[in-house]
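Chemist: There's a structure below that I have some questions on.
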């Protein structure tokens, strides 16, 4: 049985029911999420032993977060409790062609963003681990988070554990003057990484890799990126649409080739966290040593279905996803 | 005013809200359903006197079931109370292209599946009845249920009451070694039936009627079935799709001809019980002596709309369905 | 900062959750709405000072209505409290191709429909106001409401305040014998109006303006109407569909020309009040002195998005609507 | 098996959850109640066949009311559908020493208060009935209701069916100038009655019977009343308190004697309808021919427990109430 | 009509339903509160014009807070929008003898605690105001808040507006080293105040006034305090208990005397904000120029009933409270 | 850090909200509980490592149960998945002097009651464990459960691990003819036990130990029991009442003495599982090597507070309970 450790922030998500806006309701649905947690949640449903390294406030809210983390099947032994704040966001779920709206309360003061994790805490968390996942958003949200991420990446490589890194770069979170130092950090951590999750824009806009879509297929860009950073795998999703129908497909590149899934029709209930379902699917396939094609198909169906489930964190089992792959028009599973 | 008696199991349906999976919630919506009850629920809204013959546990849950049966407009005088268990299933409602998921708790030990109904109880229930409906699923779920169904079918015919039988055959519920005796039971009960609800697969897979789709239109198959079992009517639904749009249409065959409704666009909120809405629509038309075409059109619109309503049991009135038939693009009914 | 006064009834809306019918639930969502209130709600989110002139019952329900009016950002200083009844309707929300169903409890006895508003109350409400909105439905629901509406329209014009009038004519609310006197009232109030919201059918069916769609584009009809009643602006929405996709577009006519928005794809969650979102959008543009084209585009996007939000009253901010206009395929707004 | 018919209004009760006031919530619990319905609800749980004679609006709300009436176990065959309004009240449930607050929307325009019931409708409803219950509140709420009540009382006596009459007199509902004619109506109906439910104040304040508490025990008053109107039974409840503890006890008088139950400690969750539970308990005992003492004890425990259950309508079974009588300190019933 | 301005923080309150702990639920009730807002909420229900001076985040959460403030009847024109954080607390409501539990997320970084309010903003807010209320908790929660409070107090006095100051001192919020400077601030603001709300402990523990309960009645202490700070009024509540029954009473001291209300029995549903109901009651009486005794009786009943209502903010009307004063054993108010 | 293993059934608890009866609602709260799980839940909140040995159905319901077990902080590694049924009960929560009502669906067919656990599974679960808890109810509910319990008790002793046994005997679950063999099983398992939880009735009615309350204090009985079965500890609770006030106290006996806690006032919200909170408190004290007096005081406060919290499983932390012990009249904990 494989053991995976993810490092990332856990946020409190507050969401009105029935697609209402915040000022139309007196009731909120509460859940807890974050890229690392989401990926582990997806993996935990399929027999992977998952562990989260994160920082939570030392109060009933922090302990409620931990309870919800365990509920998803993720081990809580490496959670650190400190301070009194948790990053919080309100989600007003979109419907049809109305976009969802996300509002953050001061994330930068959260326990995760302000607590330095010691080397010994990290080493304890890394003990017995087969793969580490780090979410790139930690590089943008605070200096302490960035320091923790870089230190953990280094330690991971030193211990010979493969590292999976997710760009998760959001321009809007970064001030202009911090951009160049942020790029350096991304490059530093990419050097340690074996598996990278991202997309064309991460390569061209963040890493500023040259690319002329008119003269080069995007697969070439992916392959250049894999080679430049000596990665084992690079993967991500691409969106398209035809009339009112939206599609998503996945790509997975190793050093030799880039494989694609079919285009999957997207029907959306809850838009947040669907990329994390893809990442979880890829990791599942790599752990279980499926072929590249099987892996990217599974991951693409995972992300397709993640659009239809409540919450940021993938919750469908491998069995469910594979049944869907076999019987695409299944109405009821009994 | 016509009186209809249905015989069938009533199950407790437990369903998370907001399209959540069971392990994402602490709250369940409770309702009660079953093919017989569903059909009666549809008919009761249109002035038909409906009666259910079923067995419920002799405890507050059984009495809550009865309360909900009455709420739907179905008479509860022939409900029998015995034992302490009710068949229970969890429904995790699908969304968009995610299928719904149904999980049964041990159905075979329910009061319905373990209680033999006496001849005198049956005769009391049949008194004054103009049509009896039996759901074929009772043949698969337990030996006692099968025995009750067969006995009731015989008594119904003996009393000269027309019998409506619904295949409702689900392979997954039947063990291989029980298949041949089950087919015999189906054949036996079909001999008593006047109206049968089913589909192509019931004829070819269960009854093993020969059929070569390449050389024979399906109407021929339906007509052969009607003749073989000396039925008055055979009816059911057929699904199709075009791009992302799904359709359903109904067929209704008497001894002379097979008539079809138009293809109806399907938009799905709750997928369970939509076939029962079709059956209720057909029975309504036959009772009210509409033409075959009017009957199948009404039934097809009933099943179309049943995809859009909450719960297994049809809940729209004849008035509502007929308004929809007249004004297909109606947005708001005032 | 502009001040707008609307005159209109406030109704109690009671709506089952989860797309259920009334007899399937024990819980109702409560909100308060009405054309005048809806339009003010949309404007209040964008910095307009809004005031409602209406009559509410003098009891906790009336005060709860006022609390909800204030919650939407509308000033309550001109609300009059009298009697003990509020117009009430049940909304059973449709889903997909199932229409919504609206059931009124005796609206005609509401405080609004039975309370005459004095001239001094009207004058107090009109003080400092830059635009008045009157909803035509008040002409149909009761004699007292009609009298109040006509008196207010006159006073508005006397004070030199521009008047915006919304046809909002529903045949089903009017008895045949009252039709001709109702047309007179409409004509009388249209003479006072500067801005009118309506559609082709209001002109041809209610006002009985001649129109031959085969030989005249509808723009000609709009222009004839503007001229006949010496209006500054006439505007409204037009619906169309292509396969399963529905569209809405807006038109806005001044004395010189008729401009149209693009066709907007409609995805529907809650169908009620979407026309009021259009009206609010038009008024916003006119107040802020946008071009006709900018105004109708904004209003059309407002009505498009109003199909996707809960409740009768527009709740999206100008910022949200304009972001949608800029990035039509936006999934998540952060 | 006994058949009981009650005549009375059914109202829509709208109640915030969690002891909130109306303006603190967006959600209401919906139920349907009324003295006649409440009493039948209590009896229906114990094997009595119950029938309601009432008028409901002819729309989905009226049919939802009927569905809830059937859910309580009451037959709906004599419900009359007419008009579009149902009497509606908001209940803001009290807590501890905060009183509950009831707000009526215009009750006087309800279908029940405005629809005359024909003699043939009444006779149909009276067919096969062993006891009729009329609630005195119908005498106060409208002229039509009063007329219906008096006519039904006469018909009942003519057909030799015993009549149970409940004072249910609320001064606040009656205008001063109508008081004397109201007293006449009460006196008229009391002459037809066999069983009367009421209290000391009904006798002294409404009927203006002389009574000097200092010189006469209240039992004498009760006995004088029984004799004056040639009643079989007169019964009701008396409240008392000691420190913070509140008590209720029941009395039941026949022509010979007045018997009392013990004082029952009152713990209150939902205060409305507790008197109706007492009445149902008395009727149960009289039907089942228990002793006066057994009857009043059962009725007093019924009213005690009705303070602890949700809703206006008694919902506990005879079994539950009798278990409580046997084991007063029972914590959990299994 | 009197105009009152309160200055104080508005917090987001998140509260599980059904007395659950946070880790037992997925749903939270959302409301907004704060001492200043609470007092205004109580006054707004009785015809006082209320205005809040506070700082909210400039995002949908800040605007939802404002919507809820308006819902309570409080004017929002002087709300300032800045930053992205609102002070947040979780309330796990106690039951019976289990205490409630309050957990703050980092309050000190809230928009209110970090935004300096300009003199011109204050002056605009003070225009036309008859009484200002400042909550002492602002002195403890942040330096910016303290500065704002002191500046506002000075300006208030300069403009000749009476100032009401509420100690609201919580030792647990203050670090030891900050205590002495805090005392100075309290003393400074007390010098500006006309009306002060507090208790014995504020005088003896915070202000370190000498007091020997064995040799001096507490009224003497109150009178010494009134004289020392040249106050018009000092008031507060005192708790007591007898067996399992808890009591609260109010005191109100002017320069001449101290008057007390009766002991009021306390039955508790929601414990937070009950002191604010007392303060609102006192201010109401002083504004309306009731006698000291009437004022303290009303305030004490207000606080008694505030224990029985949901939420921090007083929501009962003057009418309701006075009915309770007249009929202490009232069960249902109709 | 101590590791505790509990063996016991996990049941699905379905509970209407707002103190409603089942037939008054369409919504149920879902939770999972059982004596073993409840005790572990209490201990897990205080740093004890807890593990549950149980059998759950191999379907989404079983996995949802496991998710909830983990949420409570209990390790799920020794859960066994088999079959398709989980023991299910409905709880209609009592209020005030109305008892709660529990209705079981067929518990005897649950996965737990029908699955034999192998010796190797037991040994794996016992590895590294410091204390084992077995609930006596397993002896009554099925033969397989009884066999599993006895086998586990034997293995526990063989491995030298202390055994805690809880009588949890409910007469109503046992048929007369099975009583004598059941007593034998109890006696057998008591011989293996070190700590026993129970009460006077378990000793006198089940074990038929002679006891004459008139001539012997109950402590003597407890001491005789401890000696007879060579226990280290025997403990339990005793109830009493005074007027309307109810009390509970705990006793804890070792070989030398019996110590008692104070009488604790009981205020009840949710009555189920309060005995398990006592047991968890005792085990906590014994693990942490507190004095007998400290232990029984803590356990008694735990059970007192468990009456005030939602759900069967203790959820308060050691910190919370100890704060309550220190400040009995605490209203709000911040």
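Residue numbers (the numbering used here), protein chains in the order written: chain Y, 1 to 334; chain D, 335 to 668; chain F, 669 to 1002; chain X, 1003 to 1336; chain B, 1337 to 1670; chain Z, 1671 to 2004.
Note that CB positions come from ideal geometry on N, CA and C, so glycine has one too.
Quick one: which unbroken beta strand (DSSP E) runs of 3-plus residues sit fully inside the region 1886-1974 of chain Z? Chain order, please.
Modeler: Qualifying beta strand (DSSP E) stretches, in chain order: 1903-1912, 1915-1923, 1928-1930 and 1934-1936.
Chemist: For chain Z, find out if any of its Cβ atoms is closer than 9 Å to the Cβ of residue 1442 of chain B; answer yes or no.
Modeler: By this cut-off, residue 1442 of chain B is not an interface position.
Chemist: Give me the chain B residues within the contact set of residue 727 of chain F, using Cβ-Cβ distance strictly less than 7 Å, ordered along the chain.
Modeler: Those do not exist, as residue 727 of chain F stays about 11 Å from chain B at its closest Cβ, beyond 7 Å.
Chemist: For residue 883 of chain F, does the count of other Cβ atoms within 10 angstroms reach 16, so buried, or fall short, so exposed?
Modeler: It counts as exposed.
Chemist: Identify the contact partners of residue 1267 of chain X in chain Z, using a Cβ-Cβ distance below 9 Å as the criterion.
Modeler: By Cβ distance, chain Z contributes 1766, 1767 and 1914.
Chemist: Would you give the residue range spanned by the alpha helix (DSSP H) that residue 1792 of chain Z belongs to?
Modeler: It spans 1789-1796 - the alpha helix (DSSP H) in which residue 1792 of chain Z sits, taken as one unbroken run.
Chemist: Please compile the residues from chain Z whose C-beta is within a distance smaller than 9 Å of the C-beta of residue 1264 of chain X.
Modeler: The premise fails here: residue 1264 of chain X is roughly 13 Å from chain Z at the closest Cβ pair, so nothing lies under 9 Å.
Chemist: Got a sec: which bits of the region 67-92 of chain Y sit with their beta carbon under 8 Å from any beta carbon on chain Z, in order along the chain?
Modeler: Residues 67, 68, 70, 71, 72 and 73.
Chemist: Would residue 1924 of chain Z count as contacting chain F if we go by Cβ distances under 9 Å?
Modeler: It does not: the Cβ of residue 1924 of chain Z has no partner Cβ on chain F nearer than 9 Å.
Chemist: Which residues bound the beta strand (DSSP E) around residue 79 of chain Y?
Modeler: Start and end: 79-81.
Chemist: Buried or exposed: where does residue 1575 of chain B fall if 16 or more other Cβ atoms within 10 Å of its Cβ makes it buried?
Modeler: By the 10 Å Cβ count, residue 1575 of chain B comes out exposed.
Chemist: Less than 9 Å between the C-beta atoms of residue 1165 of chain X and residue 1146 of chain X, yes or no?
Modeler: It is not a contact, given that the beta carbons lie outside the stated cut-off.
Chemist: Assess contact between the region 1940-1948 of chain Z and the region 1924-1931 of chain Z, defined as three or more Cβ pairs (one per stretch) separated by less than 8 Å. Is contact present?
Modeler: With the cut-off at 8 Å, the region 1940-1948 of chain Z and the region 1924-1931 of chain Z do not touch.
Chemist: Rounded to the nearest angstrom, what separates residue 1512 of chain B and residue 1518 of chain B at their Cα positions?
Modeler: When rounded, the distance between both Cα atoms is 10 Å.
Chemist: Please tell me whether residue 665 of chain D has its Cβ less than 9 Å away from any Cβ of chain F.
Modeler: Closer than 9 Å to some Cβ of chain F, the Cβ of residue 665 of chain D qualifies, so yes.
Chemist: Please report how far the alpha carbon of residue 1151 of chain X lies from the alpha carbon of residue 401 of chain D, in whole angstroms.
Modeler: Cα-Cα distance, rounded: 29 Å.
Chemist: Three or more C-beta pairs under 8 Å: does that hold for the region 1057-1074 of chain X against the region 1683-1691 of chain Z?
Modeler: As far as the Cβ criterion goes, the region 1057-1074 of chain X does not touch the region 1683-1691 of chain Z, which means the pair count is below three.
Chemist: Can you give me the start and stop residues for the alpha helix (DSSP H) that residue 17 of chain Y sits inside?
Modeler: Neither: residue 17 of chain Y is in no alpha helix (DSSP H) and is coded neither H nor E.
Chemist: In the DSSP assignment, find the alpha helix (DSSP H) that holds residue 1469 of chain B and state where it starts and stops.
Modeler: It is not in any alpha helix (DSSP H) - residue 1469 of chain B instead sits in the beta strand (DSSP E) that spans 1467-1471.
Chemist: What is the DSSP secondary structure of residue 41 of chain Y, counted as helix, strand or coil?
Modeler: Helix, per DSSP.
Chemist: Is the CB-CB distance between residue 1237 of chain X and residue 1198 of chain X below 9 Å?
Modeler: Yes.
Chemist: If you drop the 5 nearest sequence neighbours on each side, which residues of the same chain put their C-beta closer than 8 Å to that of residue 757 of chain F?
Modeler: Correct list, in chain order: 679, 680, 681, 682, 770, 771, 772, 773 and 775.
Chemist: What are the residues in the region 1150-1180 of chain X lying within 8 Å of chain B by C-beta distance?
Modeler: Going along the region 1150-1180 of chain X in chain order, one finds 1172 and 1174 with a Cβ nearer than 8 Å to chain B.
Chemist: To be precise: take each residue of the region 9-33 of chain Y, compare its Cβ to all Cβ atoms of chain X, and keep it if any distance is under 7 Å. Which residues remain?
Modeler: The residues in question are 25 and 26.
Chemist: Let me know the secondary structure DSSP gives residue 1702 of chain Z once reduced to three states.
Modeler: Residue 1702 of chain Z falls in the strand class under three-state DSSP.
Chemist: Residue 1985 of chain Z touches chain B at which residues, Cβ-Cβ below 8 Å?
Modeler: Near residue 1985 of chain Z (Cβ distances below 8 Å), the residues of chain B are 1357, 1359 and 1360.
Chemist: Using beta-carbon positions only, say whether residue 1588 of chain B and residue 1557 of chain B come within less than 9 Å of one another.
Modeler: Against a cut-off of 9 Å, the Cβ pair of residue 1557 of chain B and residue 1588 of chain B comes out as no contact.
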